[in-house]
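Here the sequence shown stands for residues -28 to -1, 1 to 172, where the numbers follow mature numbering (1 follows the signal peptide of the UniProt record, and there is no 0).
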Amino acid sequence: MKFNTSLKPIVISLFTLASLPTQNPAVALVTQEISQNYQTNSAFLSIKQPIQIAKNDEYWGPQRDFQIWMPGEVIENNKNQLMTTNTTNQTVYIIIHQDLPWDTYDFNSQQIRQILQTAMRENLDTKGKVVKSTNMVIEGYPGIELLIQHSDGTQGQYQGYIVRRRLYLLGARTSDELTTEAANFFDSFRVYPSRIVNSN
């Protein structure tokens, strides 16, 4: 017996229909409602996800190796940097994170603080008069904090840490005075050394 090829699409359609599950009408109403919500929100699903993970103003690093509260609206968000601005008090906030070479493990605290000062000059535009310099420690790892009066009249507060070869630079800069918002920004920074997986 030969199979009629002109019937092939009809047979396939019938088998496809027969294999579709039947649905309870009550469940179908719920499913339809969920389906409508999904379609309404599908535009949000296609948006490229940011590098840092946000929940309100709380941000986590890509490896969940750090957490920080970032006030204001995001103006830059890429692999190694997150920057926000609060237009109310004219303050810009930034966090930069990147891996350093292997030999960083061999440096003592003083050498690490020198590296941090250099990294701050290169990445955070910390030119100006250093009003105060303070040695910092986070989770047992050395760091530094600088308060700077910039030549353009702005004030900046900056912190830097090296944790398991990962460099973290934080900054707040304003044309007015630094407020408790900036203090809360720095106080909110948490690092989780056990989660750090270096890329080089």
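In this text, a Cβ means the ideal position worked out from N, Cα and C, and glycines have one as well.
From a predicted model like this one, the values you see are computed outputs, not experimental measurements.
- Ile47 is classed as exposed because its beta carbon has fewer than 16 other beta carbons within 10 Å across all chains shown.
- Straight-line spacing of the CA atoms in Val102 and Ile120 works out to 5 Å.
- Using a 10 angstroms sphere on the CB of Pro114, the tally of other CB atoms reaches 16 or more, which defines it as buried.
- In this chain, the beta strand (DSSP E) harbouring Gln53 covers Gln53 to Asn58.
- DSSP places Ile84 in the helix class (H, G or I) of the three-state scheme.
- Within the same chain, His69 and Tyr133 come within 6 Å of Tyr140 by CB-CB distance, once the 5 residues on both sides are set aside.
- Under DSSP, the beta-bridge partners assigned to Ile66 are Met55 and Gly143.
- Residue pairing for Phe157: DSSP places it in no beta bridge.
- The continuous stretches of beta strand (DSSP E) do not include Phe79, and DSSP gives it neither H nor E.
- Boundaries cannot be given for Trp74, as no beta strand (DSSP E) includes it and DSSP labels it neither H nor E.
- Short of 6 Å from the beta carbon of Ser147, and not among the five residues preceding or following it, lie these beta carbons of its own chain, in chain order: Gln62 and Thr126.
- Contact between Val169 and Val135 does not hold, since the beta-carbon distance rounds to 12 Å and is not under 8 Å.
- Annotation for Thr106: the continuous beta strand (DSSP E) segment containing it runs Lys101 to Ile110.
- Bounds of the beta strand (DSSP E) holding Tyr133 are Gln127 to Val135.
- Gly143 is a Cβ neighbour of Leu96, given a cutoff of 8 Å.
- Relative to the Cα of Asn52, the nearest Cα in the group Pro43, Thr98, Ile66 and Trp74 belongs to Ile66.
- Out of Pro165, Arg167 and Arg145, the CA that lies nearest to the CA of Phe157 is found in Arg145.
- Within its own chain, the residues whose Cβ lies closer than 6 Å to the Cβ of Lys104, once the five positions on either side in sequence are excluded, are Leu119, listed in chain order.
- A straight-line Cα-Cα distance of about 14 Å links Leu54 and Arg36.
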